[in-house]
Amino acid sequence: MKQVNPFYKSKRWIKKKNHILKKYEYTCQQTLRYGTTVDAETVHHIYPLELYPELSLVDWNLLPVTNEAHNTFHSRKDHSITAKGKYWQKKRRKEFEKWERKKSNPP
């Protein structure tokens with residue numbers, strides 16, 4: 590049985606997840622791309638938690654989606670990012686690059 594990352598049980602994550610769902614009015618952003626309004630069931634980390642834990646609670650890195658849509662963003666076998674996952678990374682590239690610059694050049 591797959592172990593759940595303890596992060597997903599934390600109060601900070603639950604609060605942030607609920608904030609993101611409310612912010613986007615519980616609408617799946619992936620299906621909305623195609624003009625369909627469907628209720629979001631989960632929140633996806635555009636830049637994966639495992640690789641970028643510093644972005645785990647950053648709004649621009651979080652995307653409300655259905656479970657079905659979420660399962661299309663990365664492989665469940667090896668966690669590699671799919672074309673749909675890369676689409677969202679490209680869409681948030683400016684925010685990511687700004688974060689990287691800030692991280693590389695602290696005040």
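For the sequence shown, position 4 matches number 593 in my numbering, and the numbering has no gaps at all.
Backbone N, C-alpha and C define an ideal beta-carbon position, used for all residues, glycine too.
Annotated three-state conformation of Asp648 is helix, per DSSP. Note that the C-beta distance between Val654 and Gln619 is below 8 Å. In the displayed model, Thr616 falls within a strand according to three-state DSSP.
Residue burial annotation: Val632 is buried, with at least 16 other C-beta atoms found within 10 angstroms of its C-beta. Glu689 and Lys680 have their alpha carbons spaced roughly 16 Å apart.
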